[in-house]
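Residue numbers (my numbering): 16 to 608.
If you want it as structure tokens, here you go:
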């Protein structure tokens, strides 16, 4: 996007939307898991309550059946006990009366009297044994239980099906049985005289019922036993004991008490329906909670997104205010004033490097503009001298007719001035091509030692004219891949510079060596040297360390600038070591291709 403000807003809102979506999904997932766990726990609780209700309902029915069976068995036992006790009393009374009709009957009548009247009767008691054996058992095989005559006729129990068995007698049925009966199989029978009960689900005709079979002992008959023989009068009070009773049990009673399971099934079905409704209610509550949570999350997310979208514009504008200040400060820069009117301290940390870089760039621009102005002045000055000489010579030749020999001398001066102007223009064009980046290397295999010797041979006459001794030191053969024209220009310019700034009767040493893939070309002179201030500027264009030496030859302060540009283009480096008044050493290092 072209607008930083719009880009920041879009990126921020996209990040916010992703964050809100991720947070909403995470919250929804956690809530969903929590509600699912809660729903699972509620289902387990509802299932447990349903099971407890069903078991409780079944237990209640079983308890009612057992209570009904026990009550009926207790009532039967009481009725049979009453019947047998009255029967025994009647037999005892009948025996007492019958003994009075026999001789000495009044002596035997006491044996038929109740227990309290015969403490001193010795054992064994024949009457007791007779009655005890005669009344066991009371019920005979094939005798029907006429419990209606014993007070059970009022038992209707329309909600229960009652049946009483006392083998080998015939069973008794409640009116609700309506001619139906329960079978008494051997699995129901338990040890005689032991109270037991057992539940089962069975059918009474075509009616499913829940039944309890209660097993109880029959009628308990207690007969008085005579006491021990009478003790002596001395210890009679201490040894007299209470009369003993012998207990005899009658036949075992089996009470069948059953109830139809329709009501139980209806109650269980109601519990099941309630169970399903509660489960459905829990599931619906879970769905409603999740639906409400989704609506809340969507509402909150949209509200936050909308509020942030409106607030982002102001926040971005506020955040970009330092950039606007920087932009305003840059707009104040003009060709006449390259100073950046901005204090860097209030700027954010991210903009301080930019402000420093802008300040540095503006300083470079200022120096470049100053250099261009100086270059124009230098070029004008350099061209003005040969151009003035050319015009003066031409004017002198046109003043009056001259001889051919005189014209030839004047034309020689004109040619020298034109040649100087041509040299200046060529060097300027060379620097222009380097600045434009159109000058390229033309790589060839070059014998650097031979090329250095050629350059020395070219400038040797000039050195001898200045009374200088030029020597070349190099191995016999130093070959490398490089641009021979540019390398020749580098060596020639360094030699010309050494000649121009040398002393009379001085020396110039040219050395060529190769070390570990690097070519070193060194030019050492015994000239005037270079000051520390001038050492940093000798590679600037049109700069002369000693301006007084610049007007007597074709050099115009562009030679070392061209050398530096060529070395940078070839990927090398140049170092200068100089002592003022003793001479200078230029050392060039080029990579061997």
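Even glycine gets a Cβ: it sits at the ideal position worked out from N, Cα and C.
Practice task
Could you check if residue 564 is buried or exposed, using at least 16 other CB atoms within 10 Å of its CB as the buried criterion?
Solution key: Reliability of the predicted coordinates at residue 564 is poor, the pLDDT of 49 falling under 50, and the value obtained from them is presented with this limitation in mind. It counts as exposed.
Problem - Three or more C-beta pairs below 8 Å linking the stretch 516-532 and the stretch 483-495 - result: A contact exists between the stretch 516-532 and the stretch 483-495.
Handout entry: Helix, strand or coil at residue 314 [DSSP, three-state]
Key = helix
Handout entry: According to DSSP, residues forming a beta bridge with residue 495
Key = Looking at the DSSP output, residue 495 sits in a beta bridge with 461.
Problem - Nearest neighbour of residue 358, chosen from 343, 189, 350 and 351 [CA to CA] - result: 343
Exercise for the section: Let me know if residue 262 comes out buried or exposed under the rule of 16 or more other beta-carbons within 10 Å of its beta-carbon. Expected result: Residue confidence is low: residue 262 scores 48 on pLDDT, short of 50, so the model does not pin down where it sits. No coordinate-derived value is stated.
Handout entry: C-alpha gap between residue 58 and residue 29, whole angstroms
Key = 42 Å
Problem - Rounded C-alpha distance that separates residue 395 from residue 436 - result: 11 Å
Handout entry: Neighbourhood of residue 388 by C-beta, 6 Å cutoff - its chain only, sequence neighbours within 5 removed
Key = none
Exercise for the section: Evaluate residue 292 with the Cβ neighbour count: other Cβ atoms within 10 Å of its Cβ, from every protein chain shown; 16 or more gives buried, anything less gives exposed. Expected result: exposed
Exercise for the section: List the endpoints of the continuous beta strand (DSSP E) containing residue 271. Expected result: 268-275
Exercise for the section: Could you name the residues that DSSP lists as bridge partners for residue 598? Expected result: 594
Handout entry: Buried or exposed (CB count within 10 angstroms, at least 16 for buried), residue 253
Key = Any reading at residue 253 needs caution, since the residue's pLDDT is 41, under 50, leaving its predicted position unreliable; the model's value is listed next. The C-beta of residue 253 has fewer than 16 other C-beta atoms within 10 Å across all chains shown, which makes the residue exposed.
Practice task
Under 8 Å Cβ to Cβ from residue 62, same chain only, skipping five residues before and after it: list those, please.
Solution key: 290
Exercise for the section: Would you give the residue range spanned by the beta strand (DSSP E) that residue 523 belongs to? Expected result: 522-530
Problem - Of the residues 225, 447 and 268, the one placed nearest residue 77, counting alpha carbons only - result: 225
Practice task
State yes or no: is the C-beta of residue 274 within less than 8 Å of the C-beta of residue 80?
Solution key: Less than 8 Å separates the beta-carbon of residue 274 from that of residue 80.
Problem - N- and C-terminal bounds of the beta strand (DSSP E) containing residue 368 - result: No beta strand (DSSP E) holds residue 368; the alpha helix (DSSP H) holding it covers 367-413.
Exercise for the section: Over the uninterrupted beta strand (DSSP E) stretch that includes residue 219, give me the two end residues. Expected result: Residue 219 -> beta strand (DSSP E) spans 211-219.
Problem - Rounded C-alpha distance that separates residue 591 from residue 483 - result: 21 Å
Practice task
Give the straight-line distance between the Cα atoms of residue 601 and residue 339, rounded to the nearest whole angstrom.
Solution key: The straight-line gap from Cα to Cα measures roughly 49 Å.
Problem - Environment of residue 212 [buried if 16+ CB atoms lie within 10 Å] - result: With 16 or more Cβ atoms within 10 Å of its Cβ, residue 212 is classed as buried.
Handout entry: Spatial distance of residue 214 from residue 277 (CA atoms)
Key = 17 Å
Problem - Residue environment, residue 540, which counts as buried when at least 16 other CB atoms sit within 10 Å - result: buried
Handout entry: Through-space distance from residue 48 to residue 323, alpha-carbon basis
Key = 30 Å
Handout entry: Start and end residues, beta strand (DSSP E) containing residue 179
Key = 176-180
Problem - residue 422 to residue 576 span [Cα, whole Å] - result: 38 Å
Practice task
Could you tell me the distance, in whole angstroms, from the CA atom of residue 431 to the CA atom of residue 409?
Solution key: 13 Å
Handout entry: For residue 331, the three-state DSSP class (helix, strand or coil)
Key = helix
Problem - Bridge partner(s) assigned by DSSP for residue 231 - result: 268
Handout entry: Close beta carbons around residue 297, own chain, < 6 Å, minus the five adjacent residues each side
Key = Closer than 6 Å at Cβ, skipping near neighbours: 54 and 57.
Practice task
Rounded to whole angstroms, what's the CA-CA distance from residue 596 to residue 466? Just pull it up for me.
Solution key: 31 Å
Practice task
Check whether the Cβ atoms of residue 494 and residue 460 sit closer than 8 Å, and answer yes or no.
Solution key: yes
Exercise for the section: Find the nearest neighbour of residue 361 within the set 347, 341 and 380, judged by alpha-carbon distance. Expected result: 341
Handout entry: Euclidean distance between Cα positions of residue 472 and residue 510
Key = A direct Cα-Cα distance of roughly 11 Å separates residue 472 from residue 510.
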